[in-house]
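In full-length UniProt numbering, the protein residues as written are 1 to 631.
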């Protein structure tokens, strides 16, 4: 007799236990594997630290060592291997070699062979009356190190070893060769070539005969760190424009961001730029470097306390060996973040100047930069800003005229539009059709007032990018402003106001007043020109609120901005008010506009394709609406 299958509870419990055991074994095995990997990583780090010769050990061993001191030479060999040869040379001392031209003073240290000090001769910190020149590198704020992996599994750091300097001078350049020697003809060489009248110097990294000493199967990491000194009056304003830029991916220039901590991995890097607002330190390579990484840290947490440094920049550049040797042709740029100077090198480094993207960048590059540069050759920078602003506003005046004319036409039509709105207030579709018909017969384009305003927006935004980047304004005075690149303080507050600051700047106040009167004069016309639509916000009320909000925003946010930008906005709004008064008085007559509109109504109008399409869409929508009602 066939029995029915029964639910076996014991079997189910057994399968459940087996499943739990298998799951536990898998998780335990995974945890064990993760632990093994973690232990392995820790061990590798420990091994690396063991293999890396500590700087303290090297320094202690190098003390008072001479070639004749056989015992110490032997001790050096146990620490440095073949590089003990370089440590026994007379140059194994904490000395520097100076090279300079009319722009730069560079000091290159024997220990590490890198640039330990960079001073710009023609620029002063904080203000033009200061006795302290701008120094991009000084007092160990920079580190430059090449990690050397030896064949006997040790890691040496070039920054801890002594190079032998050889300086050659000629009529147009100075050549400094720094050699870290493993023998008379085996060495790592840093070569610096500084030409006269140039902020850019040639820099080469190459090795000779070190294949027997170094493990060249893997790249050696070049590490470059820089802790950037504050050079301007406002550390918050300077820090806003201190950024780490780089070029990679076959010519793409990008930056690491402005967060407290920023990291980027690069593809085929060709330059790394540490930008300090108005000054930059840039390392360029003719040969793209694969696998580079950069890091940026914001050091200004509290501008009342953090007053010395702005950013900490770090880069790691893996340098690959070819045929057992390093051979990299590079360049250093130490100098002003000046668009014209950077552009002259034809290396794409001018893109670190923040001029904006797309059309904003084009306006700056092809209009603002050339025009302002031309004017600044013939007059003081304050006057140049005023003339520059006048020329820009005059060039935009035809657009301003069209905008005001459109507003005047809309203002004349407002009674008829309101009448249509009242007549068809229960039928929005019909109201829209009749309104469009009125615009067409009157020859008025409701968008004509918006388009000119939209055209002017890119110029406004471009100015917000141009003036903070214009190094010409730095430490140039005008009226009460002693530095057009910084705020024009007229009164120091005994306390700090959030968002506003601890001082009062005058140009933002004047700009805010000018904006207030401009908006007061135009808001009424704009509100009257735009008919109130049912269910839509009241534009009149919005404009009344904006009359007060816009000047307040100018007053608060521009208090710590460069006074050159505030001066530009002040003059710009004054000129706009003047142009508006002239246009209203001499070019716009409401009676004539009304008569012209009435005359246009009597003339046959040819419907444009856009108007025809809009009319057909409205008619279809109306027909569908009527059809839905019948159903």
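Note that beta-carbon positions come from the ideal geometry of N, C-alpha and C, so glycine has one too.
These numbers come from a predicted model, not from an experiment.
Item to check | Outcome for residue 553 when other beta-carbon atoms lying within 10 angstroms are tallied against a minimum of 16 | outcome: exposed
Next on the checklist: Classify residue 570: buried if its beta carbon has 16 or more other beta carbons within 10 angstroms, exposed otherwise.
Outcome noted: buried
Next on the checklist: Tell me the rounded alpha-carbon separation between residue 130 and residue 230.
Outcome noted: 14 Å
Item to check | residue 556 in three-state terms, based on DSSP | outcome: Helix, per DSSP.
Item to check | Beta-carbon separation (whole angstroms), residue 196 vs residue 323, contact threshold 8 Å | outcome: 35 Å between Cβ atoms; not a contact.
Checklist entry - Looking at C-alpha atoms only, which residue of 143, 479 and 398 is the closest neighbour of residue 700? => result Nothing can be reported for residue 700: it is not among the residues displayed for the chain, which extend from 1 to 631.
Checklist entry - Mapping DSSP to helix, strand and coil, what is residue 412? => result helix
Checklist entry - What whole-angstrom Cβ distance do residue 295 and residue 243 have, given they're in contact under 8 Å? => result That pair is no contact at about 13 Å.
Checklist entry - Can you name the residues that DSSP bridges to residue 203? => result In the DSSP assignment, residue 203 forms a beta bridge with 192 and 330.
Next on the checklist: Helix, strand or coil for residue 174? Go by DSSP, reduced to three states.
Outcome noted: In the structure shown, residue 174 sits in a strand (DSSP, three-state: E or B).
Checklist entry - Taking Cβ positions, are residue 189 and residue 210 nearer each other than 8 Å? => result no
Checklist entry - What are the boundary residues of the beta strand (DSSP E) that includes residue 360? => result Segment 358-363 is the alpha helix (DSSP H) holding residue 360; no beta strand (DSSP E) there.
Checklist entry - According to the neighbour-count rule (16 or more other Cβ atoms, all chains shown, within 10 Å of its Cβ), is residue 112 buried or exposed? => result buried
Item to check | Chain-order list of residues whose beta-carbon lies under 7 Å from that of residue 468 (same chain, five-residue window excluded) | outcome: Within the same chain, and ignoring the five residues on either side of residue 468 in sequence, the residues whose Cβ sits closer than 7 Å to its Cβ are 241, 562 and 565.
Next on the checklist: Less than 7 Å between C-beta atoms, sequence neighbours within five positions excluded: which residues of the same chain meet that for residue 150?
Outcome noted: Excluding sequence neighbours, residue 150 sits near 81, 156, 213, 214 and 215.
Item to check | Buried/exposed call for residue 332, threshold 16 Cβ in 10 Å | outcome: buried
Next on the checklist: Please classify residue 118 as buried or exposed, where buried requires at least 16 other C-beta atoms within 10 Å of its C-beta.
Outcome noted: buried
Next on the checklist: Quick check on the DSSP output: what are the complete beta strand (DSSP E) runs of length 3 or more inside the stretch 221-263, in order along the chain?
Outcome noted: 242-248 and 252-255
Item to check | residue 133 beta carbon less than 8 Å from that of residue 124 | outcome: yes
Item to check | Beta-ladder partner(s) of residue 124, from DSSP | outcome: 133
Checklist entry - Secondary structure at residue 400, three-state DSSP: helix, strand or coil? => result Helix.
Checklist entry - Do the stretch 283-294 and the stretch 263-274 meet, that is, are 3 or more Cβ pairs less than 8 Å apart? => result yes
Checklist entry - Between residue 531 and the rest of its own chain, which residues show a CB-CB distance below 7 Å, the 5 nearest in sequence each way excluded? => result Low confidence applies here, because residue 531 scores a pLDDT of 49, under 50, leaving its location unreliable; read the following figure in that light. 414, 417, 418 and 421, listed in sequence order.
Next on the checklist: Let's test the definition: count the other Cβ atoms within 10 Å of the Cβ of residue 95 and tell me whether it reaches 16, buried, or not, exposed.
Outcome noted: exposed
Item to check | Inter-residue Cα distance where the pair is residue 620 and residue 546 | outcome: 39 Å
Next on the checklist: Would you call the stretch 468-487 in contact with the stretch 379-391, where contact means no fewer than 3 C-beta pairs closer than 8 Å?
Outcome noted: yes
Item to check | Buried or exposed (CB count within 10 angstroms, at least 16 for buried), residue 363 | outcome: buried
Item to check | CA nearest to the CA of residue 483, picked from 491, 104 and 472 | outcome: 472
Checklist entry - Near residue 502, which residues of its chain fall below 6 Å by C-beta distance, leaving aside the five closest residues on each side in sequence? => result Cβ neighbours of residue 502 beyond the five flanking positions: 493 and 496.
Checklist entry - Straight-line CA distance for residue 285 to residue 330? => result Near 4 Å, if we compare the C-alpha coordinates of residue 330 and residue 285.
Next on the checklist: According to DSSP, simplified to helix, strand and coil, what is residue 346?
Outcome noted: coil
Checklist entry - Contact check, residue 396 vs residue 354 under 8 Å by CB: the rounded distance? => result Contact doesn't hold; Cβ gap of about 23 Å is too wide.
Checklist entry - Which residues bound the alpha helix (DSSP H) around residue 370? => result Per DSSP, residue 370 belongs to the alpha helix (DSSP H) from 369-375.
Item to check | 8 Å CB neighbourhood of residue 126 in its chain, flanking five on each side removed | outcome: 132, 231, 232 and 233
Next on the checklist: Checking 8 Å against the spacing of the C-beta atoms, do residue 105 and residue 121 come in under that value?
Outcome noted: yes
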